[in-house]
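Encoded as structure tokens, the structure appears first; notes follow it.
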Amino acid sequence: MLLSLLWHALFFTALLSAGLIAFALITWLERVEGVNDRPQRLRLQGPLLTALGLALATLPLSLAAAPRWGLVPAAALLIALAWLDWRHRWLPDRLTQPLLWGGLLCNLDARWAPLEDAVLGAVAGYGALWLLNALYRLTQRRDGIGQGDFKLLAALGAWLGWTMLPLLVFLAAAFGLGVALARGLHNRRAWRTPQPFGIGLAAAGWLCLLTGLGSPGPQWNFIYFTASTPHEIEAERGSAHFAPFLPSLADGHFSAAGKG
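Convert by adding 43 to the 1-based position in the sequence shown; the result is the number in my numbering.
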């Protein structure tokens with residue numbers, strides 16, 4: 044029990060350190076890239092409070108020991124991306140690319156999704172927003188979605204797999220709408236200002252990463268649902284139609300069919 048508490052405390056501290064890493068990444072990129080029209084100097088409290096919120100979100104969950112550490116670099120990158128999108132409407136390749144490759148590496152042993160689903164998630168995430176923007180551009184003669192958003196959704200698809208993309212985009216849109224409403228009520232001019240979508244993607248991605256690892260609660264898969272007993276799960280493992288990481292109802296609670 045004591046050892047478990049120590050591990051939880053260490054993990055919580057590591058997530059808080061993601062705020063420091065994010066702050067360092069933000070200030071470094073702003074300096075190296077020479078971002079124009081820089082707003083007021085970013086204070087350390089912002090990324091740290093964001094990291095605290097991400098860390099607190101993990102407390103109700105019992106996360107698997109090995110995959111949980113993949114959340115620390117993911118948290119640092121997501122915090123940095125969200126703040127850069129908020130401040131500059133900018134999602135740099137120097138952050139989205141490591142996030143994408145990190146997701147693929149973490150899924151070599153299917154921590155969040157089978158590797159083939161992760162690859163398809165990266166392709167589908169980029170392609171879906173690219174196609175949506177292409178259609179918008181045909182009608183409006185201008186871009187409606189930035190290319191950084193394509194790459195961020197591709198990176199999150201590499202972590203979560205293609206089946207989670209509809210839920211991820213829905214949550215990101217809901218979060219973005221909430222932020223837009225709050226800003227619009229505070230300042231009417233904000234209604235006419237394009238809203239950064241990367242912040243919603245980062246928040247929704249973190250939520251999906253947690254629900255993909257934690258318990259209690261279902262291991263959500265937006266496309267498929269199945270209810271099986273433990274014996275049926277074992278029988279399904281040898282089937283060609285077996286799909287891991289589907290939520291299964293066993294003994295009155297949810298468990299992951301593909302996690303053994």
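Heads up, the beta-carbon is just placed ideally off N, CA and C, and yes, glycines get one too. Please read these numbers as outputs of a predicted model, since none were measured by experiment.
In the three-state reduction of the DSSP assignment, Leu-85 falls in the coil class. Contact check for Asp-128 against Leu-134 passes: the beta carbons are separated by less than 7 Å. Per the C-alpha coordinates, the member of His-131, Leu-102 and Ala-201 positioned closest to Glu-76 is His-131. Judged by DSSP secondary structure, Val-212 falls within the alpha helix (DSSP H) whose first and last residues are 208-229. Between Gly-204 and Gly-164, the beta carbon gap of about 5 Å places them in contact (Cβ cut-off 8 Å). Looking from the CA of Leu-97, the closest CA among Gly-187, Leu-45, Phe-54 and Trp-155 belongs to Phe-54.
Just so you know, the alpha carbons of Val-212 and Leu-49 end up roughly 36 Å apart. Taking 4 residues as the minimum length, the alpha helix (DSSP H) runs contained wholly in the region 144-216 are 158-183 and 190-203, in order along the chain. In this structure, Ala-161 places its C-beta atom within 7 Å of the C-beta atom of Ala-201. Under the DSSP assignment, Pro-116 falls in the alpha helix (DSSP H) whose first and last residues are 114-131.
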